[in-house]
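Going by the numbering used here, the letters in the sequence shown line up with residues 316 to 433, in that order. Built from N, CA and C at the ideal position, the CB exists for glycine as well. None of these values were measured; they are calculated from a predicted model.
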Amino acid sequence: VQLQASGGGLVQAGGSLRLSCAVSASMHAFSTLGWYRQAPGKQRELIATATERGAPNYGDSVKGRFTISTDYAKNMVLLQMNTLKPEDTAVYYCNAVQFYMGRRSEYWGQGTQVTVSS
């Protein structure tokens, strides 16, 4: 399974970006799909996760500003980021978790850099 993230870049504070994650396998095979980020010197942080039938889950730092969406027909996971702040600067990773035959497997994309200037 491969996850390919794209859409990062440089944006001014208050601006918007949309990240995309292309998943190489059918997304129906995964229990959760999501986005995490890691800033220099900090631990990886949950941004948002989505399941096929449940409500999405967001990290406290992005609630009300970021929206995760999934397109199961195209095997894409999207992250719309609005009202960006300098503290949103980080490498953003897409993630997929699968449970199969009692075994948990986790997959990560390569990361895409988001830089928010003040």
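Quick check: the Cα distance between residue i and residue j, rounded to an integer number of angstroms?
i    : j    : result
S335 : A344 : 19 Å
P355 : R333 : 21 Å
T382 : L393 : 8 Å
T385 : E421 : 18 Å
T366 : Y387 : 11 Å
G374 : M396 : 13 Å
K378 : R419 : 28 Å
V368 : G323 : Per the sequence shown, the amino acid found at residue 368 is Arg instead of Val. R368 and G323: Cα-Cα distance of roughly 28 Å.
A370 : A337 : 21 Å
V259 : M416 : Residue 259 is absent from the model: the chain starts at 316 and stops at 433.
Mind checking which residues open and close the beta strand (DSSP E) that includes residue i?
i    : result
Q317 : Counting along the chain, Q317 falls outside any beta strand (DSSP E), and DSSP gives it neither H nor E.
R419 : 418-423
L399 : Unbroken run through L399: none, as it is neither H nor E.
A384 : The question names Ala, but residue 384 in the sequence shown is Ser. Its beta strand (DSSP E) spans residues 381-386.
S432 : 427-432
Could you tell me whether the Cβ atoms of residue i and residue j are closer together than 7 Å?
i    : j    : result
T404 : R380 : no
N390 : M342 : yes
S331 : Q317 : no
V431 : A328 : yes
S376 : P401 : no
Q358 : V406 : no
*asked:* Across the region 408-418 and the region 334-354, are there enough close Cβ pairs to call them in contact, namely three or more that are closer than 8 Å?
replied: yes
*Scan the region 327-376 and note each continuous beta strand (DSSP E) run of 3 residues or more that stays entirely inside, going in chain order.*
332-338, 347-353, 360-365
*Taking contact to mean at least 3 C-beta pairs separated by less than 8 Å, is the region 417-432 in contact with the region 355-364?*
no
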